[in-house]
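This report concerns only the one structure given below.
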Amino acid sequence: MEKQDIIKCTIDFVKNSLSDAEGGHDWWHIYRVWKTAKHIAGFENVDNFIVELGALLHDIADSKFHGGDEEIGPRMAREFLQTLQVDDSVIKHVENIISNISFKGGKLPQKFTSPELDVIQDADRLDALGAIGIARTFNYGGHKGRAIYNPDVKPNLNLTKEEYKNSDAPSLNHFYEKLLLLKDRMNTGTGRKMAEERHAFMLAFLDQFYLEWDGE
Numbered sequence: 005m006e007k008q009d010i011i012k013c014t015i016d017f018v019k020n021s022l023s024d025a026e027g028g029h030d031w032w033h034i035y036r037v038w039k040t041a042k043h044i045a046g047f048e049n050v051d052n053f054i055v056e057l058g059a060l061l062h063d064i065a066d067s068k069f070h071g072g073d074e075e076i077g078p079r080m081a082r083e084f085l086q087t088l089q090v091d092d093s094v095i096k097h098v099e100n101i102i103s104n105i106s107f108k109g110g111k112l113p114q115k116f117t118s119p120e121l122d123v124i125q126d127a128d129r130l131d132a133l134g135a136i137g138i139a140r141t142f143n144y145g146g147h148k149g150r151a152i153y154n155p156d157v158k159p160n161l162n163l164t165k166e167e168y169k170n171s172d173a174p175s176l177n178h179f180y181e182k183l184l185l186l187k188d189r190m191n192t193g194t195g196r197k198m199a200e201e202r203h204a205f206m207l208a209f210l211d212q213f214y215l216e217w218d219g220e
């Protein structure tokens with residue numbers, strides 16, 4: 005099967021698999037990350053086929069919607085790609101991307117690195133920033149029944165992986181516990197440049213939010 009046919013089959017598989025997904029982790033999240041990853045890849049020395057497959061499959065089964073199971077995503081990707089007879093070295097690379105892409109809180113070292121992961125990770129992080137990132141934060145908070153903001157619940161800037169995974173803090177805390185940290189964790193020059201603008205937009209949003217919260 006030609007690479008572009010594999011990409012088309014993967015798009016169909018992801019759309020079908022995520023048809024009932026929460027709005028911040030649905031097909032349209034995948035679509036944005038895929039498009040952004042292809043844009044960033046144009047400035048990097050990477051295997052574009054792996055970038056596309058990794059971006060399309062990176063959230064095929066997000067652990068937070070599967071009881072914290074971090075193995076289900078890589079396993080689903082492997083089983084699907086095997087049906088298309090994709091080379092095992094490519095499948096293994098995609099599995100490693102899925103296993104290592106996410107921000108999990110804490111200060112755990114990333115176990116796997118590659119230029120392709122760098123690109124996809126930047127694209128995924130960019131989708132957590134700016135206007136889209138703000139929308140996704142409050143959409144997920146509503147999905148989980150979280151408060152928008154509670155000034156009595158302060159952000160925890162030293163969350164462990166388990167604390168991050170199990171947090172039920174107000175949505176606004178997520179800006180400080182993750183989103184505003186991402187700008188300085190970008191891997192590529194293109195990603196850093198895009199993150200600067202989106203980071204600034206979030207800071208402006210927070211300024212306006214606090215003014216309105218205090219009735220100003």
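First residue of the sequence shown? That's 5 in this note's numbering, and the numbers climb one at a time after it. The beta-carbon is built from N, C-alpha and C at its ideal position, and this holds for glycine as well.
Status (buried if at least 16 other CB within 10 Å, exposed otherwise) for residue i
{"i": "N177", "result": "buried"}
{"i": "T141", "result": "buried"}
{"i": "I152", "result": "exposed"}
{"i": "L207", "result": "exposed"}
{"i": "W217", "result": "exposed"}
{"i": "K187", "result": "buried"}
{"i": "L161", "result": "exposed"}
{"i": "M5", "result": "exposed"}
{"i": "G28", "result": "buried"}
{"i": "D16", "result": "exposed"}
{"i": "T87", "result": "exposed"}
{"i": "G193", "result": "exposed"}
{"i": "D172", "result": "exposed"}
Alpha carbon of residue i to alpha carbon of residue j, nearest angstrom
{"i": "D51", "j": "E220", "result": "51 Å"}
{"i": "K182", "j": "T164", "result": "12 Å"}
{"i": "Y214", "j": "R79", "result": "43 Å"}
{"i": "Q8", "j": "R150", "result": "41 Å"}
{"i": "S103", "j": "A25", "result": "20 Å"}
{"i": "E48", "j": "F116", "result": "18 Å"}
{"i": "E83", "j": "D211", "result": "46 Å"}
{"i": "G109", "j": "E166", "result": "With a pLDDT of only 46 at G109, under 50, the local geometry of the prediction cannot be trusted, and the value read off the model is given with reservation. In a straight line, the C-alpha of G109 is about 8 Å away from that of E166."}
{"i": "H147", "j": "D92", "result": "37 Å"}
{"i": "T14", "j": "E200", "result": "32 Å"}
{"i": "L61", "j": "V18", "result": "7 Å"}
{"i": "A204", "j": "Q89", "result": "44 Å"}
{"i": "L185", "j": "S118", "result": "21 Å"}
{"i": "I105", "j": "N20", "result": "22 Å"}
{"i": "G195", "j": "I10", "result": "27 Å"}
{"i": "A135", "j": "R189", "result": "19 Å"}
{"i": "R202", "j": "K12", "result": "30 Å"}
{"i": "V98", "j": "Q114", "result": "15 Å"}
Close Cβ partners of residue i (< 8 Å) along its chain, the five nearest in sequence each way excluded
{"i": "V94", "result": "F53, I54, L57 and L85"}
{"i": "P174", "result": "G145, R150, A151, I152, Y153, N154 and V157"}
Cβ-based neighbour list, residue i, same chain, cut-off 6 Å, excluding 5 preceding and 5 following
{"i": "Y180", "result": "P159"}
{"i": "R36", "result": "D131"}
{"i": "D30", "result": "L22"}
Chain-order list of residues whose beta-carbon lies under 7 Å from that of residue i (same chain, five-residue window excluded)
{"i": "F209", "result": "I138"}
{"i": "M198", "result": "L130"}
{"i": "H33", "result": "D63 and D131"}
Check: residue i C-beta below 7 Å from any heavy atom of the ligand COA
{"i": "P78", "result": "The ligand COA is not part of the structure shown, which contains no ligands of any sort."}
For this session: Would you check if there are 3 or more beta carbon pairs closer than 8 Å linking the region 113 to 129 to the region 42 to 59?
Result: Contact between the region 113 to 129 and the region 42 to 59 is present, because at least three Cβ pairs lie under 8 Å.
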